[in-house]
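Visitor: So my numbering is basically just the index in the sequence shown, starting at one, shifted up by 85.
For glycine and all other residues, C-beta sits at the position ideal for the given N, C-alpha and C.
For reference, the structure I am asking about is given below.
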Amino acid sequence: MLILLLYGGGLRVSEACHISWADIYSHKLEIRVLGKGGKMRIQALPSFCFTQINKMPRIGKFIFGEKPLNSRKAYHIVNLWGKKAGLLKPLHPHALRHSYATHLLSSGADLRVLQELLGHSSLNATQKYTHLNLDQLARSLELNHPLGRNRLGHSKS
């Protein structure tokens with residue numbers, strides 16, 4: 086479930102760890118999240134996330150138990166699932182948030198919408214994802230465009 090919250094909702098690890106059952110609005114496909122600086126926001130999640138949340142046993146006040154999930158434990162869980170998936174490099178929770186943002190942008194999401202979804206107070210914090218996306222586009226152009234260096238037989242230096 087932790088992986089779904091980090092990638093499916095683009096949540097920070099601390100936000101995902103502190104979700105209580107009272108924060109979940111399955112009928113609206115939304116959750117209430119305590120973000121940076123103690124700011125509350127409503128976060129939309131894909132319906133698949135709620136299908137999985139609704140299958141979870143209600144053991145305590147929080148979705149992961151009686152207390153919020155410890156952030157170190159969350160890091161360990163994500164890293165473990167990365168290993169199980171056969172990833173060559175260690176997987177970190179923030180990488181899932183980055184993937185969420187990058188995938189939304191590359192699929193045409195508006196930067197202001199992404200800002201709201203990520204809970205950023207300024208657009209500057211969100212714009213770093215456009216730089217990542219532009220770098221990816223430049224590499225793709227170089228590798229795949231008929232006039233790209235690799236297509237013309239030139240070596241990349």
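Just list the residues that DSSP pairs ILE148 with in beta bridges.
Guide: Position 63 of the sequence shown, counting from 1, holds the residue named residue 148. Paired residue(s): none; ILE148 is not in a bridge.
Visitor: For a test of the three-state rule: what should DSSP assign to SER132, helix, strand or coil?
Guide: Here residue 132 refers to the residue found at position 47 when the sequence shown is read from its first residue. In the structure shown, SER132 sits in a helix (DSSP, three-state: H, G or I).
Visitor: Given ILE162, which residues of its chain have a CB within under 6 Å of its CB, disregarding the five upstream and five downstream residues?
Guide: Residue numbering aside, residue 162 sits at position 77 when the sequence shown is read from its first letter. Cβ neighbours of ILE162 beyond the five flanking positions: LEU87.
Visitor: What's the C-alpha gap between LEU130 and GLY167?
Guide: Within the sequence shown, numbered from 1, the residue matching residue 130 stands at position 45. Within the sequence shown, numbered from 1, the residue matching residue 167 stands at position 82. Roughly 22 Å separates the two Cα atoms.
Visitor: When burial is assigned at 16 or more other CB atoms within 10 Å of the CB, is ILE148 buried or exposed?
Guide: In the sequence shown, the residue the question calls residue 148 occupies position 63. Buried, by the Cβ-count rule.
Visitor: Hey, which unbroken runs of the beta strand (DSSP E) at 3 residues or more fall wholly within the segment 94-132?
Guide: Listed in chain order, the complete beta strand (DSSP E) runs (minimum 3 residues) inside the segment 94-132 are 115-119, 125-129.
Visitor: Taking the alpha-carbon positions, what's the ARG97 to GLY120 distance?
Guide: Here residue 97 refers to the residue found at position 12 when the sequence shown is read from its first residue. Here residue 120 refers to the residue found at position 35 when the sequence shown is read from its first residue. So the two alpha carbons sit approximately 8 Å from each other.
Visitor: Cutting at 6 Å between CB atoms, please list the residues of its own chain near CYS134, excluding the five before and the five after it.
Guide: Numbered from its first residue, the sequence shown carries residue 134 at position 49. If we look at CYS134 and ignore the five residues flanking it on each side, its Cβ neighbours are LEU89, GLY93.
Visitor: DSSP on LYS168, reduced to helix/strand/coil?
Guide: Numbered from its first residue, the sequence shown carries residue 168 at position 83. LYS168 falls in the helix class under three-state DSSP.
Visitor: Alpha carbon to alpha carbon, what distance is there between THR187 and HIS177?
Guide: Counted from its first residue, the sequence shown places residue 177 at position 92. Counted from its first residue, the sequence shown places residue 187 at position 102. Straight-line Cα distance between these residues: approximately 16 Å.
Visitor: Buried or exposed for HIS112, please, with buried defined as at least 16 other CB atoms from any protein chain shown within 10 angstroms of its CB.
Guide: For this step, residue 112 is matched to residue 27 along the sequence shown. It is exposed - the Cβ of HIS112 has fewer than 16 other Cβ atoms within 10 Å.
Visitor: By alpha-carbon positions, which one of MET141, ALA180, ARG197 ends up nearest to TYR160?
Guide: By 1-based counting over the sequence shown, the position of residue 160 is 75. When only C-alpha atoms are compared, the closest one is ALA180.
Visitor: From this set, VAL198, ASN139, PRO142, GLU151, which residue's C-alpha is nearest HIS103's C-alpha?
Guide: Counting from one through the sequence shown, the residue named residue 103 turns up at place 18. Checked all of VAL198, ASN139, PRO142, GLU151; the closest Cα to HIS103 is GLU151.
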